[in-house]
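Going by this note's numbering, the sequence shown wraps up at 573, each residue one higher than the last.
Taking it in order: structure first as C-alpha cells, then the write-up.
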Amino acid sequence: VPCHRSHIDYLLMSYLLFRYGMVPPHIAAGVNLNMPVVGPILRRGGAFFLRRSFKGNRLYTAVFNEYLNMTFDRGFSVEYFIEGGRSRTGRLLSPRPGMLSMTVRSFLRTRRRNFVFVPVHICYEKVLEGGTYLGELYGKEKKQESIFDIFRTLKKLRGTFGQVYVNFGEPIHLNDALSDANSQWRSFEYNDDKPPSWVSETVDNLGTEIITRINNAAVVTPINLLSIALLSTQKQAMDERALAKHLDFYLSFLRQVPYTDLVVVPDVSGADIIAYCERMDILSRHKHPLGDVISLSDDKALLMSYYRNNIIHLFALVSLVSCLVLNNRRIKRETLIKQIRQLYVFFQSELFIHWHEKDIPDVVERSLALLVKHGYLIANESEVWAPDSRAKEFMHLSILASTTKQSLERFFIAVEILVKSGSGKLQRMQLENACTMLAQRMSLLHEFSGPEFSDKALFRNFIQALVKNDVLNVNEEGNLTFGEALLRSHEDAHSLLSEDTRQSIQQIAEMDLEKEFKEEENTK
Numbered sequence: 050v051p052c053h054r055s056h057i058d059y060l061l062m063s064y065l066l067f068r069y070g071m072v073p074p075h076i077a078a079g080v081n082l083n084m085p086v087v088g089p090i091l092r093r094g095g096a097f098f099l100r101r102s103f104k105g106n107r108l109y110t111a112v113f114n115e116y117l118n119m120t121f122d123r124g125f126s127v128e129y130f131i132e133g134g135r136s137r138t139g140r141l142l143s144p145r146p147g148m149l150s151m152t153v154r155s156f157l158r159t160r161r162r163n164f165v166f167v168p169v170h171i172c173y174e175k176v177l178e179g180g181t182y183l184g185e186l187y188g189k190e191k192k193q194e195s196i197f198d199i200f201r202t203l204k205k206l207r208g209t210f211g212q213v214y215v216n217f218g219e220p221i222h223l224n225d226a227l228s229d230a231n232s233q234w235r236s237f238e239y240n241d242d243k244p245p246s247w248v249s250e251t252v253d254n255l256g257t258e259i260i261t262r263i264n265n266a267a268v269v270t271p272i273n274l275l276s277i278a279l280l281s282t283q284k285q286a287m288d289e290r291a292l293a294k295h296l297d298f299y300l301s302f303l304r305q306v307p308y309t310d311l312v313v314v315p316d317v318s319g320a321d322i323i324a325y326c327e328r329m330d331i332l333s334r335h336k337h338p339l340g341d342v343i344s345l346s347d348d349k350a351l352l353m354s355y356y357r358n359n360i361i362h363l364f365a366l367v368s369l370v371s372c373l374v375l376n377n378r379r380i381k382r383e384t385l386i387k388q389i390r391q392l393y394v395f396f397q398s399e400l401f402i403h404w405h406e407k408d409i410p411d412v413v414e415r416s417l418a419l420l421v422k423h424g425y426l427i428a429n430e431s432e433v434w435a436p437d438s439r440a441k442e443f444m445h446l447s448i449l450a451s452t453t454k455q456s457l458e459r460f461f462i463a464v465e466i467l468v469k470s471g472s473g474k475l476q477r478m479q480l481e482n483a484c485t486m487l488a489q490r491m492s493l494l495h496e497f498s499g500p501e502f503s504d505k506a507l508f509r510n511f512i513q514a515l516v517k518n519d520v521l522n523v524n525e526e527g528n529l530t531f532g533e534a535l536l537r538s539h540e541d542a543h544s545l546l547s548e549d550t551r552q553s554i555q556q557i558a559e560m561d562l563e564k565e566f567k568e569e570e571n572t573k
C-alpha cells in the first residue's frame, strides 16, 4: 500500500520488485487508465481496473468483490493506493475505506491466509506532474487521461528529475489489527450481508495506521529541506551562510531527535544541499558584496510547497515549540507541554503524526535541549525563553516557528468563524465553505501562500477532528454546537499567532461572515 504521488508509482513498484527477484503484484488501477494501447499493456503487467464509485451498482460490487477474493485466495499479492488518488499538495491524503474494506471482508470470509499490509513511502525529488498539480490547485479542471498524454510525458522525460526513493514501512498483520478491535473476532460467524459494527471501525483505524506508517518511513531529500527552509521566510530568500546553518540544524534535529528509525536522512551538510539544489535548477543566486542571497522565484516557490509538505510532519512539534516560545517570549516548561498536548490532536489528524500523547513530554524536552544547544532558545529548569530579537538565533527561531504557521492559521480561521457565528448556527458544510473563502481572501490580501492554504479537504479533516474529540458536537438539526473547550482554543490563539495575523483573520472573518449571512437570508 504505497502513497500515491505520480502515475509513475505503478511502474516503479513493479520494476523494483521484479528487479529484486520478487513477483510483481496485481495492481488496482482506476478505470481512467484503461485507454487504447495503454490499457492492454497495463493489464498484461498485472493491472485490473475498477470504477471510482460502486454506488448503486450491486452486480458490479458483487463481481468485483468475488474477483478480489479469488485473487487473495490464490495467494497473489495486490497493490492499491488507499488515498484514492494522487496527492496534489505533497501531503498524504485521508485514507479511503473502499479497497481496504473489501480486503478485510475477504479475509473474514475465508480466513485461510494471514493478510499483511506493507506501507510504502515513495519520494520524488521532482514529480513529473508538478505543473499539472499546481494548475488543478488553482482551480483548473482535471483533464481526462488520454493516449496523447503519454507522448507529452515522453517529452518531459528529457528534463532533469533527480532521484526517486522507495522506502518500506513496518508491516501490519491483519490478525493483529482485528484482535485490537475485538479480541473475540475469531469466534464470530461472519455474514457479509450483515457485518458486525466493529468491522467498519477496524477499517477506519487500519487506514489511518497505514497512512501513519507510510509517514514513518519518509525519505528526506536535499530539495525537501531547502523547500521547508526558504518557504518559512517572508520573501522565500536567505543569506547563503545563514541558510546553510539553518539546514545544518534540520539535519542535526533529524539525527538527534529521530522521528522513527525508518526515516532516511541524507548524509550531507547544509552547504552541500545548496550546491545540489543549484545544480538541479531549483534556486536562484543573487550576488551581493555582503554575501550571496539564495531565493526561490514565485512560480518555483508555489511548486516547492509540494516537496515541503512531504516532510512537514517531521518538524511539526519542534515548530510548535518554537512558535509558543516566540509568541510568549518566556514560558514555563509545564505550560509549554500542556499547550502542545492540547494542539497535538489536531496536528496529528492533519499530518498523520505517529507519536501518542504520552510521548509528547519526552519529544518536547529533547527538542528543547537541541534548540538550547544551538542557541535558538535559552532555558533553566523551569522556564524557556527566546533570545534577543536582534540576535541571529532569533531569526532562526522565527523560521522554525513559521513551518507550521499555515496550519495554525487554518486552526484559528475555523475557530474564529465558529465563535463569531455562535454555537448551533452553522452546519458542517457551511463551516467548510466559510473557512475556504476566508482563507482564499486572506491569501490574496496579506501574504504569500500556495493554493493549498485554502484546500477544503484540510478544513474538512480539522472539523472532523474537532467533532471526534468532542470539541464540536452535532445537534438534531445537523448544526455544530460547542462549549468551553472551543472557547479556550480561541483564547489560546494569543500564544500561537502574532497580533497582526490574529487581527487580519478577525477583520476578514467579520466582513465575510456578515456578507455571506445576508446573502443566505435574502435567498431564504
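Heads up, the beta-carbon is just placed ideally off N, CA and C, and yes, glycines get one too.
Computed from a predicted structure; not experimentally measured.
Per the DSSP secondary-structure output, S333 pairs in a beta bridge with S344. About 16 Å separates the beta carbons of I402 and I386, which is beyond the 8 Å limit, so they are not a contact pair.
Excluding the 5 residues flanking it on each side, H445 has same chain C-beta neighbours closer than 6 Å at H295 and Y425, in chain order.
Contact check for L255 against F121 fails: the beta carbons are separated by 9 Å or more. By the Cβ-count criterion, Y69 is exposed, with fewer than 16 other Cβ atoms from all chains shown falling within 10 Å of its own Cβ. Around the Cβ of S438, a 10 Å sphere holds fewer than 16 other Cβ atoms; the residue is exposed. With contact defined as three or more Cβ pairs closer than 8 Å, the stretch 346–362 and the stretch 259–268 are in contact. The beta-bridge partner set that DSSP reports for V165 consists of H222. Beta-bridge partners of P146 (DSSP): none assigned. For the set N522, I466, L529 and K505, the Cα lying nearest the Cα of R551 is the one of I466. Inter-segment contact for the stretch 150–163 and the stretch 212–227 is present: three or more beta-carbon pairs are separated by less than 8 Å.
Leaving aside the five residues that flank A428 on each side, the residues in its chain whose CB is nearer than 7 Å to its CB run, in chain order, L417 and V421.
If you draw a 10 Å sphere on the C-beta of V86, you find fewer than 16 other C-beta atoms in it, and that means exposed. DSSP places R92 in the uninterrupted alpha helix (DSSP H) bounded by V87 to R93. Of all alpha-carbon atoms in L487, W234, Q388 and E442, the one lying nearest the alpha-carbon of Q555 is that of L487. Following the DSSP letters along the chain, one finds I76 inside the beta strand (DSSP E) bounded by residues H75 to G79. Per DSSP, N265 lies in no beta strand (DSSP E) segment; the continuous alpha helix (DSSP H) that holds it begins and ends at S246 to N265. For the pair G211 and K243, the CB atoms are not nearer than the 9 Å cut-off.
Closest by C-alpha distance to V413, out of K517, A514 and F364, is F364. Sorting S354, A324, L352 and Y355 by C-alpha distance to the C-alpha of I343 places A324 at the top. In the three-state reduction of the DSSP assignment, H445 falls in the helix class, which pools H, G and I. For E432, the enclosing beta strand (DSSP E) has its first and last residue at E432 to W434. Taking a cut-off of 8 Å for Cβ pairs, the stretch 313–330 and the stretch 367–386 do not touch, as fewer than three such pairs fall below it.
Taking one beta carbon from each stretch, the stretch 283–300 and the stretch 344–356 have 3 or more pairs nearer than 8 Å; the two touch. Around the beta carbon of F67, fewer than 16 other beta carbons sit within 10 angstroms, so the residue counts as exposed. For the options G88, K349 and F164, the alpha carbon positioned closest to that of G124 is the one of F164.
Contact between the stretch 503–518 and the stretch 456–465 is present, with at least three C-beta pairs closer than 8 Å.
With contacts defined as CB atoms closer than 9 Å, A350 and L279 qualify as a contacting pair. Under DSSP, N216 shares a beta bridge with H170.
By the CB criterion at 9 Å, V367 and F443 fall outside the cutoff. Residue environment analysis places K454 among the buried positions, since at least 16 neighbouring C-beta atoms fall within 10 angstroms of its C-beta. With respect to the 9 Å criterion, E178 and S55 are classified as neighbours on the basis of their beta carbons.
Each residue's CA atom was taken as its position, placing I260 and E128 some 15 Å apart. One Cα belongs to L449, the other to Q305, and the distance between them is close to 17 Å.
Nearest C-alpha to T209 among D519, R415, C326 and H75: C326. Residue state for E128 is assigned as strand, using DSSP reduced to three classes.
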